[in-house]
Amino acid sequence: MNKSVINTLLASNAGFGALVLRLPLGIVLAAHGAQKLFGWFGGFGLQGTGQWMASIGLEPGYLMALLAGSAEFFGGLALVIGFLTRPAALLSAITMVVAIFSVHFQNGLFLTNNGYEYALILLAGTLALTVQGAGHYSIDNALVKRPNYRLQTA
42 MNKSVINTLL
52 ASNAGFGALV
62 LRLPLGIVLA
72 AHGAQKLFGW
82 FGGFGLQGTG
92 QWMASIGLEP
102 GYLMALLAGS
112 AEFFGGLALV
122 IGFLTRPAAL
132 LSAITMVVAI
142 FSVHFQNGLF
152 LTNNGYEYAL
162 ILLAGTLALT
172 VQGAGHYSID
182 NALVKRPNYR
192 LQTA
């Protein structure tokens with residue numbers, strides 16, 4: 042990977058607004074992922090989430106639960122600290138698209154009917170971060186701005 046690819050991935054001119062968006066999105070996504078992976082916060086863990094995913098046609102359920110839970114948990118943590126923000130946000134956005142169309146879309150927009158409005162907001166936020174990057178207050182930005190930043194080659 043050359044330096045321009047890394048710069049494209051990490052660099053961002055977004056300011057404080059990216060931090061304001063990253064923190065709550067990251068916390069919410071990490072919490073939802075923890076429900077799926079570990080059963081925290083009233084979740085069902087991998088086994089229960091996997092069984093549920095299989096019951097709605099997302100097979101193999103355990104693998105789908107592992108993938109969705111990992112994208113949310115680790116992606117959420119990455120958003121909070123602003124590390125590899127664009128890939129983390131993109132994986133989270135893809136997870137939200139799957140959630141919208143496999144679970145919520147048929148119920149309409151509103152959350153009160155198990156609709157897709159909440160997942161849509163998470164999708165919009167993660168897409169915004171995919172486009173704009175982590176912003177000034179992030180590990181991504183610190184890595185790009187390092188005085189001795191250079192691509193290490195073997």
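Taking this note's numbering, the leading residue of the sequence shown gets 42, the next gets one more, and so forth.
Note that the Cβ used here is the ideal one computed from N, Cα and C, for glycine as well.
Where the alpha helix (DSSP H) containing residue i begins and where it ends
i	result
Gln147	First-last for Gln147: undefined, no H or E at that position.
Gly166	Glu158 to Gln173
Ala183	Ile180 to Lys186
Asn54	No alpha helix (DSSP H) holds Asn54; DSSP gives it neither H nor E.
Chain-order list of residues whose beta-carbon lies under 7 Å from that of residue i (same chain, five-residue window excluded)
i	result
Ala106	Lys77, Leu87, Thr90, Gly91 and Met94
Gly56	Gly176 and His177
Phe146	Tyr157
Close Cβ partners of residue i (< 8 Å) along its chain, the five nearest in sequence each way excluded
i	result
Val121	Arg63, Leu64, Gly67, Ile68 and Ala71
Ser96	Gly102
Asn48	Val185
Gly98	Ser143
Cβ-based neighbour list, residue i, same chain, cut-off 6 Å, excluding 5 preceding and 5 following
i	result
Ala195	Because Ala195 carries a pLDDT of 47, less than 50, the predicted location of this residue cannot be relied on, and the following value inherits that uncertainty. The answer is none, since no qualifying residue turns up.
Ala130	Thr167, Leu170 and Thr171
Heavy atom of the ligand ADP within 7 Å of residue i beta-carbon
i	result
Gln76	Because no ligand of any kind appears in the structure shown, any question about the ligand ADP cannot be addressed here.
Beta-carbon separation (whole angstroms), residue i vs residue j, contact threshold 8 Å
i	j	result
Ala52	Gly174	7 Å
Legend entry - Inside the segment 72-140 only - alpha helix (DSSP H) runs reaching at least 4 residues: 86-96, 102-122 and 126-140
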